[in-house]
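If you count by the working numbering, then the sequence shown holds residues 29 to 108, one letter each, in order. Taking it in order: structure first as structure tokens, then the write-up.
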Amino acid sequence: MNEPKNTELKWDEQCVVCGKSVGHGGGFSHLNIKDEMIALCCPLCFETFEKDPAKYLRSRALRKNSEDTHPPGSFSSFDQ
């Protein structure tokens, strides 16, 4: 018998469209995409996201990857 995964949803801290801070579950809307909560700060960003979600999910993935390799407070070779 398959048991459901016990996973916690990961909430974005920034609007996926404009980058505005929407920490702690704030913002206009949240979409559950692949067990991650995508944040949208306002109706305009929601409408913009609906027109081309793949574009914003790609840029979000690139931003998340960058944060994983250079977390805040760390230094990269460009900082020296």
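Ideal placement from N, C-alpha and C gives every residue a C-beta, glycine not left out. Quick caveat, the model's predicted, so the values are computed rather than measured.
Residue environment analysis places residue 47 among the exposed positions, since fewer than 16 neighbouring C-beta atoms fall within 10 angstroms of its C-beta. The beta carbon of residue 53 sits closer than 7 Å to the beta carbons of 39 from its chain, once the five residues preceding and following it are set aside; these are given in chain order. Counting along the chain, the unbroken beta strand (DSSP E) around residue 64 starts and ends at 64-68.
Closest option to residue 66, judged by alpha-carbon separation, among 86, 43, 83 and 80: 43.
Residue 77: member of the alpha helix (DSSP H) spanning 71-79, first to last residue.
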